[in-house]
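With numbering that gives the first Met the number 0, you'll find the sequence shown wraps up at 145, consecutive numbering, no jumps. Everything below concerns the one structure shown next.
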Amino acid sequence: MEVLKFESLPREILDGIQVVHQHVFEGDRLKESKLDNKQGFLAFVSMEDGIITGFKLGYEVEEGVFYSWLGGVHPAYQNRGIASILMKAQHEECKKRGYQRVRTYSRNERKTMLILNIKHGFDVLETLIDAKGRHKIVLEKNLNND
């Protein structure tokens, strides 16, 4: 397996991310317009034999804070530690770029991601109800503690 880093997504990589996204998020496609104009955008993609097996996307939300926005691992490749590998790659790059904190949002029904975040040093900051009426858990990790 290899992990690739991108600051913008070539079409073939985005197409592979779409395949994983649809498997992870109940058939939904990633709205490509949400990728536009994201300051400090970073994408990490895991590949095996030329196939995208997972992805982790994020961008800067405020000075010193990186938002780990979206990620997933194709069900055929889950339980191999790929999500942890992608998260570690993202955090290492964030530290190199001078970010002090990584923030993410999760939902209670996505327990594996919630547990993964906690195992990797995220703390729960608060909970909230988003614009779509969904309960969200706000987590943040201080990169200076690594």
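Virtual Cβ for every residue (Gly too), placed ideally from N, Cα, C.
Closest residue to residue i among the options (Cα-Cα distance)
i, options, result
"residue 23", "8, 93, 73", "73"
"residue 126", "84, 106, 116, 90", "106"
"residue 52", "67, 37, 85", "85"
"residue 54", "142, 3, 144, 124", "3"
"residue 148", "90, 103, 10", "Here the chain comprises residues numbered 0 to 145, so residue 148 is not present and cannot be evaluated."
"residue 124", "101, 145, 9", "101"
"residue 35", "103, 59, 80", "59"
First through last residue of the beta strand (DSSP E) which encompasses residue i
i, result
"residue 47", "41–47"
"residue 139", "134–141"
"residue 106", "Neither: residue 106 is in no beta strand (DSSP E) and is coded neither H nor E."
"residue 122", "122–128"
"residue 31", "That residue, residue 31, is in no beta strand (DSSP E); it is neither H nor E in DSSP."
"residue 53", "50–61"
"residue 67", "64–72"
"residue 4", "1–5"
Opening and closing residue of the alpha helix (DSSP H) in which residue i lies
i, result
"residue 15", "10–23"
"residue 110", "110–118"
"residue 87", "81–95"
Distance between beta carbons of residue j and residue i, contact taken as under 8 angstroms
i, j, result
"residue 56", "residue 6", "Not really, about 11 angstroms apart at Cβ, beyond 8 angstroms."
"residue 46", "residue 11", "With a Cβ gap of about 11 angstroms, residue 46 and residue 11 do not count as contacting."
"residue 88", "residue 43", "5 angstroms"
"residue 145", "residue 94", "7 angstroms"
Residue i, buried or exposed, once every other Cβ within 10 Å from all chains shown has been counted against 16
i, result
"residue 20", "buried"
"residue 69", "buried"
"residue 110", "exposed"
"residue 118", "exposed"
Alpha-carbon to alpha-carbon, residue j and residue i
i, j, result
"residue 63", "residue 32", "25 angstroms"
"residue 115", "residue 83", "7 angstroms"
"residue 132", "residue 29", "20 angstroms"
"residue 99", "residue 121", "13 angstroms"
"residue 112", "residue 61", "23 angstroms"
"residue 49", "residue 108", "31 angstroms"
"residue 71", "residue 128", "23 angstroms"
"residue 78", "residue 38", "32 angstroms"
"residue 134", "residue 97", "31 angstroms"
"residue 137", "residue 130", "15 angstroms"
"residue 103", "residue 14", "24 angstroms"
Neighbour flag for residue i against chain B, beta carbons, 7 angstroms
i, result
"residue 46", "Absence of chain B from the displayed structure is noted, only one protein chain being present."
The ligand GDP heavy atom lying under 6 angstroms from the CB of residue i
i, result
"residue 140", "This structure does not include the ligand GDP; it has no bound ligands of any sort."
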